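Counting along the sequence shown from 1, when you hit position 161 you're at 161 in the UniProt record's numbering, and nothing is skipped either side.
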Amino acid sequence: MPTRRISGFKPTGPLQLGNYLGAIRPTVQGQGEETVVFVADLHALTVPHDPERLRDLTRQVAGLLLAAGVDPDRTVLYRQSDLPAHAELHYLLECSASYGEVHRMIQFKEKGGGSGTRLSLLTYPVLMAADILLHDITDVPVGRDQRQHVELTRDLALRFNERHGPVFTVPRAVHPQVAARVADLADPAAKMGKTNAATNGVLFLLDPPDVLRRKIMRAVTDAGTDVVYDPAGKPGVSNLLDLLATCTARDPARIAADYTGYGRLKSDVADAVIALLEPIQQRYDDLGDADIEHVLARGAERAADRADATVRRVRAAMGLAGRAATSARPAPAGSPGKPPTAPAPR
1 MPTRRISGFK PTGPLQLGNY LGAIRPTVQG QGEETVVFVA DLHALTVPHD PERLRDLTRQ
61 VAGLLLAAGV DPDRTVLYRQ SDLPAHAELH YLLECSASYG EVHRMIQFKE KGGGSGTRLS
121 LLTYPVLMAA DILLHDITDV PVGRDQRQHV ELTRDLALRF NERHGPVFTV PRAVHPQVAA
181 RVADLADPAA KMGKTNAATN GVLFLLDPPD VLRRKIMRAV TDAGTDVVYD PAGKPGVSNL
241 LDLLATCTAR DPARIAADYT GYGRLKSDVA DAVIALLEPI QQRYDDLGDA DIEHVLARGA
301 ERAADRADAT VRRVRAAMGL AGRAATSARP APAGSPGKPP TAPAPR
């Protein structure tokens with residue numbers, strides 16, 4: 001079986017630099033293999049949200065994926081809620097999952113447990129498993145913090161196959177050779193995130209150049225003035241060195257030898273981040289809403305055949321009656337005839 005990869009991006013906040021370096025750029029670079037990319041809007045329903053903001057963020061995430069180099073002619077890119085097979089397989093897999101194995105998922109332990117917690121927060125790891133198993137995925141690129149979810153997916157697939165025959169492809173977790181963990185510039189002990197309460201240390205992909213520069217120049221450093229790559233002892237300056245190294249494909253420890261103070265280091269980091277993001281911002285500005293919607297609709301149509309075939313196999317194995325395949329939502333009226341192909345990032 002050929003290698004087939006999947007990546008999902010949750011529209012719970014504007015995408016930031018850590019999302020690009022850790023997930024989007026590797027996805028773009030891996031488009032030589034069969035790749036499925038989706039905007040996980042169903043996952044965004046596990047927490048309180050504003051419907052209009054969710055719609056806007058979903059379209060923004062899709063547009064940034066295109067602007068960053070996701071090629072809809074080589075990669076299946078769609079919106080999760082446009083493919084009903086996700087929700088159906090989610091329920092069918094819940095009938096094979098146990099309360100104990102989903103309750104011990106680390107994200108639920110950290111974020112759930114109160115009386116107001118949505119049930120979907122408990123069961124969303126099963127939806128994540130459905131996302132993966134729908135497409136006969138072989139490889140799931142994830143960070144170490146997401147490995148538990150892939151293990152649950154493997155457990156569910158293996159259990160189902162043992163009970164009902166060889167229905168699912170059993171995926172494996174794959175990890176980037178270099179994990180691009182970007183820390184918050186205002187708090188180097190915290191991960192840069194798109195939903196951080198304070199945003200003065202978060203570099204959003206659509207921040208204007210002057211905002212990016214201001215945030216970087218105000219980044220927290222460490223006691224003393226020596227520029228040394230020491231993530232444990234000097235986390236602030238080491239985060240800046242990591243940023244510059246990741247943007248310029250250099251080694252952070254070697255970069256440190258070029259600097260005698262923090263000011264020029266921060267200025268060079270700002271230059272590198274702006275140079276990295278400006279072309280993406282320009283391509284994003286060139287995309288219209290209709291262009292983005294057309295790409296998403298076409299992607300859902302392309303994804304539907306395999307997804308519906310998977311659901312039919314599962315239904316038959318579980319003793320349910322057959323039915324006609326679900327159909328993805330048609331392209332919106334007035335969409336251009338040919339979707340844009342975003343050029344690869346420089």
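Cβ atoms here follow ideal geometry from the backbone N, Cα and C, with glycine treated the same way. Quick caveat: nothing in here was measured; it's all calculated off a predicted structure.
In the DSSP assignment, find the unbroken beta strand (DSSP E) run with residue i in it and report its ends.
i: residue 34; result: 34-39
i: residue 139; result: 139-141
i: residue 6; result: 4-9
i: residue 172; result: 172-174
Would you check if the distance between the CB atom of residue i and the CB atom of residue j is smaller than 8 Å?
i: residue 200; j: residue 186; result: yes
i: residue 58; j: residue 74; result: no
i: residue 89; j: residue 204; result: no
i: residue 195; j: residue 171; result: no
i: residue 318; j: residue 169; result: no
i: residue 236; j: residue 221; result: yes
i: residue 272; j: residue 229; result: no
i: residue 123; j: residue 102; result: yes
i: residue 227; j: residue 193; result: no
i: residue 313; j: residue 322; result: no
i: residue 61; j: residue 27; result: no
i: residue 378; j: residue 54; result: With the chain running from 1 to 346 in the structure shown, residue 378 is simply not present.
i: residue 63; j: residue 292; result: yes
i: residue 39; j: residue 9; result: yes
i: residue 21; j: residue 246; result: yes
i: residue 157; j: residue 308; result: no
i: residue 121; j: residue 46; result: yes
i: residue 268; j: residue 252; result: no
i: residue 105; j: residue 148; result: yes
Rounded to the nearest angstrom, how far is the Cβ of residue i from that of residue j, given a contact under 8 Å?
i: residue 140; j: residue 173; result: 5 Å
i: residue 133; j: residue 12; result: 23 Å between Cβ atoms; not a contact.
i: residue 97; j: residue 126; result: 5 Å
i: residue 213; j: residue 270; result: 4 Å
i: residue 136; j: residue 4; result: 6 Å
i: residue 77; j: residue 304; result: So it is not a contact: roughly 14 Å between Cβ atoms.
i: residue 265; j: residue 240; result: 6 Å
i: residue 7; j: residue 41; result: Contact doesn't hold; Cβ gap of about 15 Å is too wide.
i: residue 72; j: residue 298; result: 7 Å
i: residue 65; j: residue 24; result: 7 Å
i: residue 274; j: residue 231; result: That pair is no contact at about 24 Å.
Could you check what DSSP says for residue i in three-state terms: helix, strand or coil?
i: residue 203; result: coil
i: residue 102; result: helix
i: residue 179; result: Confidence is the limiting factor: at residue 179 the pLDDT is only 48, short of 50, which leaves the residue's position unreliable, though a coordinate-based value still follows. Three-state result, residue 179: coil.
i: residue 154; result: helix
i: residue 77; result: strand
i: residue 226; result: coil
i: residue 82; result: helix
i: residue 184; result: strand
i: residue 70; result: coil
i: residue 14; result: coil
i: residue 131; result: helix
i: residue 123; result: helix
i: residue 160; result: helix
i: residue 167; result: coil
I'd like the span of the alpha helix (DSSP H) that includes residue i, first residue to last.
i: residue 280; result: 262-286
i: residue 188; result: Not the alpha helix (DSSP H): residue 188 falls in the beta strand (DSSP E), residues 187-191.
i: residue 118; result: Run containing residue 118: none; DSSP gives neither H nor E here.
i: residue 43; result: Note, residue 43: premise wrong, no alpha helix (DSSP H); not H, not E.
i: residue 299; result: 289-318
i: residue 20; result: Careful: residue 20 lies outside any alpha helix (DSSP H) and carries neither H nor E.
i: residue 93; result: 85-94
i: residue 217; result: 209-217
i: residue 64; result: 51-67
i: residue 28; result: 25-29
Can you find a CB in chain C that lies within less than 8 Å of the CB of residue i?
i: residue 152; result: In the displayed structure, chain C is absent; only one protein chain is listed.
Fully enclosed by the segment 229-260, which alpha helix (DSSP H) runs are 4 residues long or longer? If we require 4 residues or more, the alpha helix (DSSP H) runs fully inside the segment 229-260 come out as 235-248, 252-256.
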